[in-house]
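Numbering (the numbering used here), first residue to last: -2 to 558. Where a beta carbon is used, it is the ideal one built from N, C-alpha and C, also for glycine.
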Ligand SMILES: Cc1cc2nc3c(=O)[nH]c(=O)nc-3n(C[C@H](O)[C@H](O)[C@H](O)COP(=O)(O)OP(=O)(O)OC[C@H]3O[C@@H](n4cnc5c(N)ncnc54)[C@H](O)[C@@H]3O)c2cc1C
C-alpha cells in the first residue's frame, strides 16, 4: 500500500486509491475534502445522478430540515459558514441542495466523484489487504480502505402491501421524488404514513389535491416549526461567534444542537408554571420544546406532562373530536419517537378535502387497481404517496454484499442486530469504516455534527496508520460486544426503548428490535477521542503482508502482524 502524501492540492488523478468512499451526501463530500487535505487519494462512488444524498432524493413538497439551518450546516470551514446565507430558519430542500452543490464546487470535489455508480458488492482480500468494490455496471475498484458514507436514512422503503403491483395510478415515495415535481391539481391522492416526511408533505399536498386521504397507522407527536425568514440580528448573533457556538453544540450537548436547555425537572414546578413554559416554547416553535425540562426523556410522569400538553393542542386545533382523538398518540412517550416539526399539520385535518383514515381502527388490507382498501372501505386514488420512511441505519449497508476478512457477510453477521465498535467499525471487516453507523449517535443528533466528528476521527485514524507504517485496522470482537452493551445500557436509562420506533428497527417486519443509535453526542465524542488517544484501544492495528509484516510498534491498542 502506498499512502504516501502528495502535495495537499494534488488531485487524486490516476494514483492508486487509498480510500474508496461510498456515497456523496454530506458525509461523502466532507470525507473527500478531509482525506484530500490529509494527502490521501480518495474517490467517492454515488448511485445518484448528482451530489446531495438525502437532499438529492427527498424532493417532496414541504421537505425541510428540522434542525435550524444555522446549525444544520458544515462547521469545518470558517469562511464557508460566514459566507453562506440561509434565507429561512428551517431551509427548504432546494436551498439545502444548493448549499451542498456550493460546497462541492467551492472545494472542487466533483473531480473525485463518480456519479450514477451504485456499489453492489465489497469484499476484503486479507492477503492483499485490499477492498474490492463492484459497481452495478460490473466495474471493479480496489483500495486498501473503504468508507461507507451511505447514509442512515437513505434506503427508502415501500412496505409489502398486497395488490400494489395491480395498482394503475401513480406511485411515489417521498424519499425518491421525481425531479420535475408532481402536480396533484384535481387529483384524488392517498398518503400512506404520518412520520416526519408525511407530516411535512401532507399540508402541501392537501393545498393542491382535489381530495386527500391520509392513511395513519401510528399517530406521531408534532410541534409547530414557526418557520420564518431569518432576521439579520439572529444571523449576526450566530456568525459573530460561530466557532464557539459550534464548539458548544458538539462538546456540550447531547444532540449536537443548541437549544434553550432547562436544568429543572418538570415535576419541580407547579401546573401553571409548567403550562406557561410549554406554551412559550410551543409559540417559539421547533424541537426546542423537548428541552423544556431536563427529565422529559427519563421520567415517565414528567414526560406525560409534555405529552398531555401536545394532546391538548391537537384537540384544540382539530375541529372534529373523533379526528383529533385519532391524531393523538397515546401508547408511547413523547420524544421516544423522533419528534416531528410541522407547518399546519394538525390544521390540515380541518380542510373539507382531507380525510384521516385510522388504520388501527380499520386496517389496510390491500391496494386495488384504483386505490386503497381497508377493512371498512375502498378509497379511490389517482396517486399514492408512500411516506413510509426508510430501513434506517442498516438498510443501505445491507443492500451491499459486504464480505469481511473471513468471507462473512456483514448482513449475516448483523442478522440478530447490527454490531459495530463505536458504530465505526464491525469486527472482522478490517479497514472498513462506517459513517454514522449503528452504535453511534447518528439519527439521534444533528447529523451534520455526527458526520463531521466521524470524518475527522477516520481521517486522523488513517493518518495515524500511515505515520506508523501500519496498513490494517480491525475492531476486536470483545470491544465491539462491550460497546454494544454500553449502547443498550445507556438507551435503557431513557424512555426511548418504550416506543416501537425506527430507532429500534420496528418499522421493518422481521428486523431485530435493537436500539441502534448511541445517546449523547458529547459523551460519545469524548469516548472516541479517548480510544484514539490510547492508541486505538479496542482495535487491532497491524502491518499488511504487502508492507513486510514486520512487528509493529506497540502503542496502547493491540498491534499485531
Ligand atoms: C426528509 C429528511 C429530512 C432530514 N432532516 C434532518 C435534519 O433536519 N437534521 C438532521 O440532523 N438530519 C436530518 N435528516 C437526516 C439526513 O439523512 C442527514 O442529516 C444527512 O443528510 C445524511 O448525510 P449522509 O451523507 O450521511 O447520507 P445521505 O445524505 O443519505 O447520503 C448517502 C448517499 O449514499 C448513496 N448510496 C447509498 N448506497 C449506495 C451504494 N451502494 N452505492 C453508491 N451510492 C450509495 C445514496 O445515494 C446517497 O446519496 C433528514 C433526513 C430526511 C430523509
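- With a contact defined as Cβ atoms closer than 8 Å, residue 256 and residue 288 qualify at about 4 Å.
- Around the beta carbon of residue 477, 16 or more other beta carbons sit within 10 angstroms, so the residue counts as buried.
- Under DSSP, residue 471 forms a beta bridge with 537.
- Residue 35 has its alpha-carbon roughly 7 Å from the corresponding atom of residue 460.
- Taking a contact to require three or more Cβ pairs closer than 8 Å, the region 269 to 288 and the region 301 to 313 qualify as touching.
- Distances from the CA of residue 395 to each of 113, 266, 145 were compared; the closest alpha carbon is that of 145.
- Ranked by how close their Cα comes to the Cα of residue 272, the residues 152, 308, 24 have 308 in first place.
- A direct Cα-Cα distance of roughly 5 Å separates residue 259 from residue 290.
- DSSP places residue 390 outside both helix and strand once states are collapsed to three, so it counts as coil.
- Looking at 345, 389, 324, 174, the one whose alpha-carbon comes closest to that of residue 511 is 389.
- For the options 279, 414, 117, the alpha carbon positioned closest to that of residue 311 is the one of 279.
- Between residue 14 and residue 39 the beta-carbon gap is near 7 Å, inside 8 Å, which marks them as a contact.
- Cα atoms of residue 186 and residue 173: separation of roughly 17 Å, rounded to the nearest angstrom.
- By the beta-carbon neighbour count (other beta carbons within 10 angstroms, threshold 16), residue 264 is exposed.
- In the displayed model, residue 318 falls within a helix according to three-state DSSP.
- In this structure residue 168 is exposed. Its beta-carbon is surrounded by fewer than 16 other beta-carbon atoms within 10 angstroms.
- The residues 363, 364, 365, in chain order, have a CB closer than 7 Å to that of residue 160 in the same chain once the five nearest residues on each side in sequence are set aside.
- Sixteen is the threshold: when 16 or more other Cβ atoms of the shown chains lie within 10 Å of the Cβ of residue 119, as they do, the residue is buried.
- Less than 9 Å divides the Cβ of residue 419 from the Cβ of residue 535.
- Rounded to the nearest whole angstrom, the CA to CA distance from residue 344 to residue 453 is 43 Å.
- Between residue 491 and the set 434, 251, 430, 270, the nearest pair of CA atoms involves 251.
- Between the beta-carbon of residue 445 and that of residue 23 there is about 6 Å, and that keeps the pair under the 8 Å contact cut.
- Going by C-alpha positions, residue 431 is about 39 Å away from residue 181.
- Residue 62 has its Cβ nearer than 8 Å to a heavy atom of ligand 1.
- With fewer than 16 other CB atoms across the displayed protein chains lying within 10 angstroms of its CB, residue 281 is exposed.
- A straight line joining the alpha-carbon of residue 467 with that of residue 124 spans about 15 Å.
- Around the beta carbon of residue 464, fewer than 16 other beta carbons sit within 10 angstroms, so the residue counts as exposed.
- Between residue 16 and residue 207, the CB-CB gap reaches or exceeds 9 Å.
- At the C-beta level, residue 115 and residue 392 stay beyond 9 Å of one another.
- Of the heavy atoms belonging to ligand 1, at least one sits nearer than 8 Å to the Cβ of residue 197.
- In this structure, the C-beta of residue 420 stays at least 8 Å away from each heavy atom of ligand 1.
- For secondary structure counted as the beta strand (DSSP E) over 3 or more consecutive residues, the region 399 to 441 holds these complete runs in sequence order: 429 to 431.
- Residue environment: residue 30 is assigned as buried (16 or more neighbouring CB atoms within 10 Å of its CB, all protein chains considered).
- Residue 511 carries a coil assignment under DSSP once its states are collapsed to helix, strand and coil.
- In the displayed model, residue 101 falls within a helix according to three-state DSSP.
- Within the chosen limit of 8 Å, ligand 1 does not reach the beta carbon of residue 255 with any heavy atom.
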